[in-house]
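Read through the structure below, which is laid out as structure tokens, and then see the notes.
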Amino acid sequence: MYTPKRCETLAGGIVLIAGLCLAGGCGKSESEADSNAGVSELRNTEPSALVAAPVVSWQTLDGAAASISAYKGKVVVVDFWATWCGPCKVAIPDLKELYAKYQAQGVVILGVSVDKGGAETVKEFVEQFGITYPVVIADRVAEEAYGRVMTPPQNRVTSLPTSFVVNRDGQIVKNYVGYRAGVSKEELEADIKKWL
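Counted from 1, the sequence shown has number 132 at position 133 by numbering that gives the first Met the number 0; the numbering is strictly sequential.
Spelled out as structure tokens, the structure:
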């Protein structure tokens, strides 16, 4: 039987869960509806102390092993995304433009797909969207390693897109969660220029 006290407790719990979802920007799953709108709430944070970007093994679209250590001495934007993520699709043209503009100056945009459909799904998407920057596939280990270096730390990367700016010394200098067309590009470009 539901007493007034029990109803208050239940209502309070529902409000708390809803508040946590709104504050944290709930992640999406492949089964959720695809959205082409950008994320309205952005979280762009600088770590209080520089930490090394996790060196994890990723798989290229051709099946070879890859690691961020291959880009030592470059400014790297590590962008976690998925083919089903609407805001990720909004970000792609801007990331392509930034890569074309700054690649010759030692900037790498590294797309890290968290798709579970495998390399073929990602390859088709890369071709369809004309992605010119390197793309790799993450596993759970990579998602967890990068989640732990987020500001604030998390168990794994759960919101997409999530990006990290890594300086030439391999240290994370900025963490972005979410993407809004135009605004996010300007902020990301300013960070790239700062660390060139």
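Every residue, glycine too, gets a C-beta built ideally from N, C-alpha and C.
Whole-angstrom distance between residue j and residue i, CA atom to CA atom
i, j, result
"Y70", "G62", "19 Å"
"A48", "G72", "20 Å"
"G169", "A51", "6 Å"
"K192", "K95", "16 Å"
"V75", "K173", "11 Å"
"W83", "T157", "14 Å"
"E142", "P151", "15 Å"
"P86", "R167", "27 Å"
"A180", "N154", "28 Å"
"V176", "T131", "22 Å"
Selection from the options that minimises the alpha carbon distance to residue i
i, options, result
"L109", "E119, T161, C84 and D168", "T161"
"P53", "T157, V164, C87 and G116", "V164"
"V111", "G129, P133 and K184", "P133"
Three-way DSSP call (helix, strand, coil) for residue i in this model
i, result
"V172", "strand"
"S112", "strand"
"A51", "strand"
"V148", "coil"
"E31", "Only weak support is given to the placement of E31: the predicted model assigns it a pLDDT of 40, under 50, and the value that follows is read from those uncertain coordinates. Of the three classes helix, strand and coil, the one that applies to E31 here is coil, per DSSP."
"T131", "coil"
"A180", "coil"
CB contact flag (residue i, residue j, <8 Å)
i, j, result
"A81", "V135", "no"
"I67", "V77", "yes"
"L60", "A99", "no"
"V106", "Y178", "no"
"Q102", "L195", "no"
"W57", "A137", "yes"
"F79", "L159", "yes"
"V148", "I171", "yes"
"K184", "D93", "yes"
Residues bridged to residue i (per DSSP)
i, result
"F163", "V77 and N174"
"Q58", "A64 and I136"
"T44", "N174"
"V156", "BP columns for V156 are empty, so no partner."
"V107", "V75"
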